[in-house]
Structure formats: structure tokens, C-alpha cells
């Protein structure tokens with residue numbers, strides 16, 4: 001697809017304006033036709049009333065009433081008739097006005113749907129890919145380059161790439177001695193083509209993720225409500241990937257864990273928490289296409305005093321990805337991550353804090369419709385001797401903490417839920433629980449969801465039904481994970497795929 005230029009956008013906007021004018025013109029004609037109909041109806045009513053009045057007058061004469069009585073009676077009937085006529089006129093005009101308002105509202109909705117959730121009427125649309133991210137610490141700027149999207153985003157990922165081939169991520173050779181030879185093997189490079197279909201699905205999700213997080217980095221500011229940030233991310237995610245039930249959509253609720261909260265926090269309905277200048281916020285969200293999930297996270301901080309913490313965690317994540325490869329032991333990847341992470345110190349408010357790896361939070365393999373696959377990637381040395389294998393997808397995520405224990409516990413109100421992947425048929429006592437489970441099966445299946453999404457889907461008053469499903473072991477709670485109060489936790493994460501001859505960091509971008 002050719003890159004969008006400024007003239008294309010200008011022409012597009014002019015076409016929209018012409019469509020609006022045509023719509024307005026057609027609306028005026030419709031209004032005039034409706035008004036003429038109303039006048040015709042009123043004239044017919046008058047004729048019918050006059051006819052009835054004539055018959056009535058004839059009857060009065062036959063009954064022998066006086067002319068004076070007849071005149072008074074006629075006047076009263078005319079008054080009543082006029083009132084009825086006026087009521088009909090008012091009602092018809094009200095109906096016409098209501099119809100016009102509905103049509104205008106529907107037209108506005110359709111325009112917004114076509115242009116995406118970020119677009120507002122009158123908003124300036126540009127085509128530059130460049131974005132200055134300097135106000136968010138430790139994130140790179142988005143550079144100028146090939147770009148099929150607008151600002152704000154108004155084009156779905158499929159429409160940007162109509163031939164159906166999506167951009168590749170960062171290709172990286174295997175560096176460990178166990179698999180270094182693979183990067184130069186011609187036969188294996190040919191074998192890589194077999195996995196292209198699955199990879200292309202994940203590349204679509206990754207491209208969607210890049211464009212969503214680029215927009216997120218533009219709008220996030222101190223003082224903004226976390227619930228607004230999450231919902232803007234989710235609405236754009238749905239639009240760009242063209243959400244379609246379990247075929248495509250959001251992989252799990254948007255995490256926006258603050259400070260000592262490491263993961264699994266998203267606002268429940270009514271939670272008006274805001275992000276502040278001194279906060280450390282982990283933005284963690286995913287996209288899925290036909291069950292192929294991409295999982296990616298970054299940390300938002302505005303205060304430069306946290307720079308070294310963020311640098312340590314990002315360095316540790318990239319070290320883990322570089323270390324990963326076919327036939328590499330998971331424990332060796334964890335040892336490399338820990339060595340880099342704990343080589344950093346943070347000087348803050350006159351004190352020096354060592355960066356601690358959160359040792360009981362791991363990376364993980366990813367399987368279709370299953371965010372946490374069978375293998376865990378530790379972030380410290382020791383542990384599993386299991387090896388990574390060709391054709392596997394992994395999310396390497398590392399968490400670093402200062403002024404904490406480097407160990408997380410579950411605490412706080414639960415907002416994340418997920419159906420047990422291996423659960424069988426379990427009898428349920430209440431109809432509301434059965435109804436809620438049917439909704440979850442249809443819309444989320446084994447993908448994680450949150451209470452906000454249940455409300456959005458019309459499952460109002462779901463609390464008791466959800467509790468019954470949890471107690472029955474059908475749905476698992478995923479409470480917030482946190483280090484001790486007063487600590488600060490940062491996180492970075494990428495999804496990558498192990499091909500025969502190289503690995504591909506699917507979610508890699510200019511920002512990190």
C-alpha cells in the first residue's frame with residue numbers, strides 16, 4: 001500500500017465535507033416533504049371536520065333548535081376542533097424533530113465509527129510518523145519513516161496492508177553457542193517459511209500494539225484518570241484490529257499498575273485513581289488474532305529520579321531476549337537477566353538503592369488462546385533445566401524493584417479474571433451464573449477479562465454470578481501483585497518467536 005500523503009488526507013477531508021453537505025441537502029428535502037405531508041393531513045382533517053359539522057347542522061335544524069343555540073354550539077365545536085388540530089400539528093412537528101435528531105445522531109455515530117474512536121469532528125489529521133516521547137522517561141521517539149497510518153489513528157491495520165502481509169519485527173541472530181550455527185544455515189532459513197502463516201497473524205497483532213501504544217504515549221499525562229487511559233487504549237485496540245469475537249480483539253485487560261503494584265491491576269468501575277508526576281506506572285496490554293497473542297509492556301515515569309530503575313529493567317529484558325534461543329536452558333536465561341538487573345543502583349533523595357529483581361515473577365511461553373503457556377522463564381538463576389524449542393513463542397518480561405523486598409504477594413481488590421483452561425463441565429446452581437458463563441464462553445473463552453468489560457457487554461449486576469463461578473473453580477481470580485508499600489517497581493516486556501534460523505522480536509518498536 002502506498003504511504004498516505006498530506007494531499008490524500010486533505011482530499012479525504014474535503015470528500016467528507018461534501019458528503020456532509022449532501023447529507024444536509026437531502027435532509028432539507030426530507031424535512032420539506034415531511035412538512036408538506038403534515039399540511040396535507042391537516043387540510044384533510046379540516047375538510048372532514050367541516051363535512052361532519054355540515055351534517056350536524058342539518059340535524060340541528062330538523063330538531064327545531066333556535067338559531068342562537070345553533071350559533072353558540074357551532075362556536076364551541078369550532079374551538080374544540082381548533083384545539084384538536086393544534087395538538088395534531090404539535091405532535092407531528094415533535095415527531096418530525098425527533099426523527100431529525102435520530103438521523104443526525106446516527107450519521108454522527110457512523111462517521112465516528114468509520115474514522116475510529118480517537119477522531120472528533122473538526123480534528124486536524126496529519127500523516128507524520130514522528131512523535132516526541134521525551135516527556136516520558138526512557139522511551140525513544142517515534143521516527144519518520146514508512147507509515148500508512150494517520151494522527152490520530154483513523155485506518156484499521158487491515159486497510160493499511162490490503163494485501164494481508166504485515167511488517168516483520170526485529171530479526172535477531174542466535175548468539176549463544178548452543179544455537180549460534182543456526183543463523184547461517186541455508187536449509188533452516190528455507191524451513192522458516194513454513195511458519196509464515198502463524199507469524200503473519202502475530203505480526204498483525206504486533207503492528208496493532210505498536211500503533212496503540214504510540215497513541216497512548218501521546219495522551220498519557222499527570223492528572224489523567226487511569227480508567228480513561230485504559231479505556232482509550234482498549235477502544236483503539238478494538239478498532240485497529242477490527243474486534244470480532246474470539247477471532248480478533250484484546251488479549252487481556254490493560255494493566256496500569258502504580259508504584260509498588262507490579263501487575264494485574266486495572267481500574268474496576270467507579271475507580272477514579274489518577275497518575276501523578278511522581279508515579280511509576282506499568283502499561284501492559286495485548287492483542288490477539290485467531291488466538292495468537294502478543295504481550296508487551298513498558299513503564300511510564302515523568303520524574304527523572306527513576307531513570308536508572310527504568311534503564312536497569314529495560315536492559316535486563318533485552319538481555320533475556322538476546323540470551324534466548326533454541327536449546328537454551330530457561331535457567332541460563334534467568335541467570336543472565338539477574339546479573340544485568342542487579343548491576344544497577346539508583347540514587348534517589350540522597351540515598352542509594354540497589355535494583356532488585358522480583359524473583360517470583362517470570363516470563364512465559366504463549367500458546368493459542370492461552371497467555372501463560374507451559375513454560376516459565378525465570379528472572380533469576382537456578383530453577384528449571386528445561387530448554388526452549390523451535391517454533392515456540394515467548395514473552396520475556398522482567399520486573400525490578402527499589403526500596404522493596406524484590407518479592408511480590410497478592411493483595412487488593414481483584415479486577416482480572418480468567419476461565420480455567422482445563423476446566424470440565426461443572427453444575428451451577430443459579431441461572432445468573434449460567435447466563436454469565438455463557439457470555440464469558442462466547443466473548444472471552446480462556447482469555448483474561450475484567451469487570452469493566454462485563455459491564456460494557458451488558459452484564460450489569462454480575463458480582464454474585466461471578467463469585468459463584470469463582471467458587472465453582474470455573475473462573476480463576478488474578479488479584480493485583482505488589483511489593484511492599486513505599487517501593488517502586490518497573491517492567492518491560494516483548495513477545496518473540498523462535499524460528500529455525502533466527503528469532504523475531506515481534507513487538508519491537510522505536511520506543512523500546
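In full-length UniProt numbering, the protein residues as written are 1 to 512. The C-beta atom is built at its ideal place from N, Cα and C for all residues, glycine as well.
Beta carbon of residue i nearer than 8 Å to that of residue j
i           : j           : result
residue 262 : residue 402 : no
residue 366 : residue 483 : no
residue 479 : residue 414 : yes
residue 139 : residue 211 : no
residue 287 : residue 226 : no
residue 502 : residue 202 : no
residue 468 : residue 417 : no
residue 434 : residue 310 : no
residue 156 : residue 242 : yes
residue 345 : residue 353 : yes
residue 363 : residue 395 : yes
residue 378 : residue 330 : yes
residue 507 : residue 206 : yes
residue 485 : residue 260 : yes
residue 446 : residue 421 : yes
residue 381 : residue 335 : yes
residue 337 : residue 266 : no
residue 248 : residue 294 : no
residue 142 : residue 131 : yes
residue 481 : residue 264 : yes
residue 229 : residue 256 : yes
residue 494 : residue 208 : no
Paired residues, beta bridge with residue i - DSSP
i           : result
residue 357 : 400
residue 369 : DSSP lists no partner for residue 369.
residue 151 : 126
residue 142 : 131
residue 363 : 377
residue 491 : 399
residue 81  : For residue 81, which the question treats as bridged, DSSP gives no partner whatsoever.
residue 452 : In DSSP, residue 452 forms no bridge with anything.
residue 331 : Residue 331 pairs with nothing; no bridge assigned.
residue 172 : 503
residue 394 : 365 and 496
residue 410 : 481
residue 241 : For residue 241, which the question treats as bridged, DSSP gives no partner whatsoever.
residue 417 : 449 and 477
Close Cβ partners of residue i (< 7 Å) along its chain, the five nearest in sequence each way excluded
i           : result
residue 512 : 139, 140, 298, 314 and 492
residue 215 : 118, 152, 153 and 236
residue 204 : 157, 166 and 289
Same chain, Cβ closer than 8 Å to residue i, five either side skipped, listed in chain order
i           : result
residue 504 : 168, 169, 170, 171, 172, 199, 496 and 497
residue 390 : 326, 498, 499 and 500
residue 578 : Residue 578 cannot be examined here, being either before or after the span of the chain that is shown, 1 to 512.
residue 306 : 137, 280, 346, 348, 488 and 490
residue 328 : 176, 178, 179, 387 and 388
residue 374 : 365 and 367
residue 5   : Interpretation of residue 5 is limited by its pLDDT of 47, a score under 50 that renders its predicted location unreliable; no figure is taken from the coordinates.
Residues near residue i in its chain [Cβ-Cβ closer than 6 Å; skip 5 each side]
i           : result
residue 372 : 364
residue 356 : 401 and 406
residue 601 : Outside the shown range of the chain, which is 1 to 512, sits residue 601, and nothing can be said about it.
residue 291 : 368 and 369
Residue i at chain D interface by Cβ criterion, 8 Å
i           : result
residue 175 : No chain D appears in this structure, which consists of one protein chain only.
With a cut-off of 8 Å, do at least 3 Cβ pairs link the segment 269 to 285 to the segment 298 to 305?
yes
Contained alpha helix (DSSP H) runs [length at least 4] in the segment 245 to 327, N- to C-terminal order:
307 to 323
Under 8 Å: do the segment 417 to 437 and the segment 459 to 473 share three or more Cβ pairs, one atom per stretch?
yes
Minimum length 3: unbroken beta strand (DSSP E) runs contained in the segment 193 to 231
none
Please determine if the segment 456 to 468 and the segment 376 to 393 are in contact, where contact requires at least 3 C-beta pairs separated by less than 8 Å.
no
Return the chain-ordered ranges of every beta strand (DSSP E) run that is complete within the segment 422 to 484 and spans a minimum of 3 residues.
475 to 478
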